[in-house]
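Novice: Under my numbering, read the sequence shown as residues 495 to 616, first letter to last.
Dropping a structure here in structure tokens format, bear with me for questions.
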Amino acid sequence: MFVTHIISGNDFERAVLSLVLGAYAYTVQCYDAMTDFANTESNTPGCVILEVSERMLTQTDLSERLSALRQRFPLILMADERVAPRLPRTVPGLALPVIRRPVEKSELLNLLQSLRDAQSVV
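This is the structure in structure tokens:
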């Protein structure tokens with residue numbers, strides 16, 4: 495089983511992504527914050543979709559926190575048009591896919607399928 499972990503402080507965004515991905519047979523777990531996800535144990539294949547907010551960009555340990563997440567799962571960053579262009583400067587050297595909001599369903603599904611294929615999960 496491939497589990498998509500969604501970390502977002504936005505209840506509506508978590509619900510919509512969960513419904514859309516569920517409609518395409520993805521198993522989804524949602525979390526309100528990175529700390530909620532950090533307290534879970536999961537050794538099943540999957541990935542993390544992390545909503546990066548304006549507030550998160552100011553955190554001095556953001557790069558370390560993203561690196562720690564990335565060690566557990568492939569990581570996809572989700573950001574709006576104000577935050578996305580600032581990510582490379584804020585988190586240098588951490589080459590991660592960035593999905594811009596509003597999320598294009600086909601782009602997200604293609605990215606998830608490639609991650610699922612890379613982990614050989616059907």
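Don't be surprised by glycine CBs; every beta carbon is placed ideally from N, CA and C.
How far does the alpha helix (DSSP H) with Glu601 in it reach, from first residue to last?
Specialist: Where Glu601 is concerned, the enclosing alpha helix (DSSP H) stretches over Lys599 to Ala612.
Novice: Can you give me the Cβ contacts of Arg508 inside the same chain, cut-off strictly under 6 Å, excluding the 5 residues immediately before and after it?
Specialist: So the qualifying residues of the chain are Ile500, Ser502 and Cys524.
Novice: Short of 6 Å in beta carbon distance, which residues of its chain neighbour Leu571, apart from the five on each side in sequence? Order them along the chain.
Specialist: Closer than 6 Å at the Cβ level, and outside the excluded window around Leu571, lie Leu544, Val546, Leu590 and Val592.
Novice: Can you tell me the Cβ-Cβ gap for Tyr518 and Leu603, rounded? I've got them flagged as a contact below 8 Å.
Specialist: Between Leu603 and Tyr518 the Cβ distance is about 6 Å, and since that is below 8 Å, they are a contact.
Novice: Take the Cβ of Pro568 as the centre, count every other Cβ of all protein chains shown within 10 Å, and call the residue buried at 16 or more, exposed below.
Specialist: Buried, because 16 or more other Cβ atoms sit within 10 Å of the Cβ of Pro568.
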